[in-house]
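Per our numbering, residue 1 is the first one in the sequence shown, and the count goes up by one each step. The beta carbon of each residue, even a glycine, is placed where N, CA and C say it ideally should be. None of the values given here were measured: they were computed from a predicted structure. See structure below.
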Amino acid sequence: MKALVLSGGGSKGAYQVGALMWLLRERDHEYQIISGTSVGALNGAWLAQYGPGKGAEAALALQNLWHEIDNDKIWQKWYWGLLGPLPAFMPKWLGGKQSVYSTKPLRELVTKKLRPKAIRDSGKLLRVGAVSLTTGKSRVWTEKDVADMAKAVLASSAFPMFFEPVRVGSELYTDHGVRETTPIEQAIMAGATEIDVITTGPAKVIGKFDNRANGLALVQRTLDAMNAEIETWDRKAAELLNALVDLGQAPPHVRKVTITTLDPNAAKKSLGDPLDFNPRQIRANINRGYEDASKLWK
1 MKALVLSGGG SKGAYQVGAL MWLLRERDHE YQIISGTSVG ALNGAWLAQY
51 GPGKGAEAAL ALQNLWHEID NDKIWQKWYW GLLGPLPAFM PKWLGGKQSV
101 YSTKPLRELV TKKLRPKAIR DSGKLLRVGA VSLTTGKSRV WTEKDVADMA
151 KAVLASSAFP MFFEPVRVGS ELYTDHGVRE TTPIEQAIMA GATEIDVITT
201 GPAKVIGKFD NRANGLALVQ RTLDAMNAEI ETWDRKAAEL LNALVDLGQA
251 PPHVRKVTIT TLDPNAAKKS LGDPLDFNPR QIRANINRGY EDASKLWK
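Quick look at the structure:
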């Protein structure tokens, strides 16, 4: 089976949209498995609403969704921004919050537009992961989890510290990128033998950094470094599974896989701030993803 794996990256997920416009509309790629983390979970869930032969329709619907997005559709400041990021550091009894921003707009967007029953009925296998803050363990939802799918996508997209964690049942969840930025292993365990991976950044930190930057910029840079390291190990895990298949020590249902990965060209500038959903930057990244995909998958 062929799988599509989509990494995290916040607003950089627009790059994936452009690449998918090329793959699904121009090249008619068909995927039986979709595995996504963070914004990749959001993009993947949107695609999984459409069954076989509807890739072009799915890609266009995803692009239209992103063309509607701006910062106000994703997050908002607590208390009308009067306290800046302070609510995230205040005690609860003083009105403190669990994140720098409220993600009420994103919750409303996903709850209103995502169709979990369509995902269940599409015939696609979907894998969406998040990390439990309650237990520290990963959890993966599938296309069968209709009741929790919207919450699962939101949980996977809960950018640590900046976006609100999401309660599912009795547990509180955050971005799966904490444990797995590029969920290749989930696709393999679902039965994939051929995988196309679309990341939102090379497995290293790129771009200039101002040493005089404020605390929030420092946190973002630190998260970039952590994500780069996690992504490196995600890829090595896939290589290890292939090695175990060669040695005859892999689980019975796991087969050796071929992996094609699209990374943003490291020679170019970064795709931008992952928390800035500026429409102009979104369109630029969609175009860049389309261009890069057209060179890799000719």
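In the DSSP assignment, the beta strand (DSSP E) including residue i goes from what residue to what residue?
{"i": "glutamate 194", "result": "194 to 198"}
{"i": "leucine 20", "result": "Run containing leucine 20: none in the beta strand (DSSP E); it sits in the alpha helix (DSSP H), 13 to 20."}
{"i": "tryptophan 141", "result": "138 to 142"}
{"i": "arginine 127", "result": "125 to 132"}
{"i": "arginine 167", "result": "166 to 168"}
{"i": "valine 153", "result": "From DSSP, valine 153 is part of no beta strand (DSSP E) but of the alpha helix (DSSP H) over 149 to 156."}
{"i": "leucine 23", "result": "Note, leucine 23: premise wrong, no beta strand (DSSP E); not H, not E."}
{"i": "lysine 117", "result": "Counting along the chain, lysine 117 falls outside any beta strand (DSSP E), though it belongs to the alpha helix (DSSP H) covering 116 to 121."}
Quick one: using the 10 Å Cβ neighbour count with 16 as the cut-off for buried, is residue i buried or exposed?
{"i": "arginine 27", "result": "exposed"}
{"i": "glycine 44", "result": "buried"}
{"i": "threonine 258", "result": "exposed"}
{"i": "asparagine 285", "result": "buried"}
{"i": "glutamate 164", "result": "buried"}
{"i": "phenylalanine 162", "result": "buried"}
{"i": "leucine 47", "result": "buried"}
{"i": "glutamate 108", "result": "exposed"}
{"i": "glycine 136", "result": "exposed"}
So what does DSSP say about residue i, is it helix, strand or coil?
{"i": "aspartate 28", "result": "coil"}
{"i": "threonine 261", "result": "strand"}
{"i": "isoleucine 303", "result": "The question about residue 303 has no answer, for the chain in this structure spans 1 to 298."}
{"i": "lysine 175", "result": "The sequence given here places aspartate at residue 175; lysine does not occur at that position. If DSSP states are grouped into helix, strand and coil, aspartate 175 belongs with the strands."}
{"i": "valine 100", "result": "coil"}
{"i": "glycine 95", "result": "coil"}
{"i": "glycine 36", "result": "strand"}
{"i": "leucine 271", "result": "coil"}
{"i": "alanine 3", "result": "strand"}
{"i": "lysine 54", "result": "coil"}
{"i": "glutamine 49", "result": "coil"}
Is the beta carbon of residue i less than 8 Å from the beta carbon of residue j?
{"i": "valine 140", "j": "proline 160", "result": "no"}
{"i": "threonine 174", "j": "alanine 150", "result": "no"}
{"i": "glycine 10", "j": "leucine 275", "result": "yes"}
{"i": "isoleucine 184", "j": "isoleucine 195", "result": "yes"}
{"i": "glutamate 171", "j": "threonine 134", "result": "yes"}
{"i": "tryptophan 75", "j": "leucine 106", "result": "yes"}
{"i": "isoleucine 33", "j": "alanine 3", "result": "yes"}
{"i": "alanine 19", "j": "aspartate 292", "result": "yes"}
{"i": "serine 35", "j": "glutamine 186", "result": "yes"}
{"i": "alanine 88", "j": "lysine 77", "result": "no"}
{"i": "alanine 190", "j": "arginine 127", "result": "yes"}
Excluding five sequence neighbours on each side, which residues of the same chain lie with their C-beta closer than 8 Å to the C-beta of residue i?
{"i": "valine 110", "result": "Leu42, Ala150, Val153, Leu154"}
{"i": "leucine 296", "result": "Thr260, Leu262"}
{"i": "glutamate 30", "result": "Lys2, Pro52, Gly53, Gly55"}
Tell me which residues share the same chain as residue i and place their Cβ nearer than 6 Å to its Cβ, disregarding the 5 neighbours each side in the sequence.
{"i": "arginine 25", "result": "Ala56, Ala59"}
{"i": "lysine 12", "result": "Thr200, Leu271, Pro274"}
{"i": "serine 38", "result": "Gly8, Ser156, Ser157, Asp175, Gly177"}
{"i": "valine 166", "result": "Lys151, Leu154, Ala155, Ala158, Tyr173"}
{"i": "arginine 120", "result": "Glu143, Val146"}
{"i": "valine 17", "result": "Leu62, Gln63, Trp66, Ile286"}
{"i": "threonine 260", "result": "Asp196"}
{"i": "lysine 54", "result": "none"}
{"i": "leucine 6", "result": "Gln16, Gly36, Gly40, Asn43, Gly44, Ile198"}
{"i": "phenylalanine 277", "result": "Ser11, Ile69, Asp70, Asn71, Ile74"}
{"i": "threonine 103", "result": "Trp75, Phe163, Glu164"}
How far does the alpha helix (DSSP H) with residue i in it reach, from first residue to last?
{"i": "glutamine 186", "result": "184 to 189"}
{"i": "glycine 289", "result": "279 to 296"}
Can you find a heavy atom of the ligand PLP that lies under 7 Å from the Cβ of residue i?
{"i": "glutamate 57", "result": "This structure lacks the ligand PLP; in fact it carries no ligand of any kind."}
Within a Cβ cutoff of 7 Å, which residues of the same chain sit near residue i, ignoring the five residues on either side of it in sequence?
{"i": "glycine 123", "result": "Gly51, Pro52"}
{"i": "aspartate 72", "result": "Pro105"}
{"i": "asparagine 265", "result": "Asp292"}
{"i": "arginine 115", "result": "Gln49"}
{"i": "glycine 129", "result": "Thr37, Ser138, Arg139, Val140, Ser156, His176, Glu180, Pro183, Gln186"}
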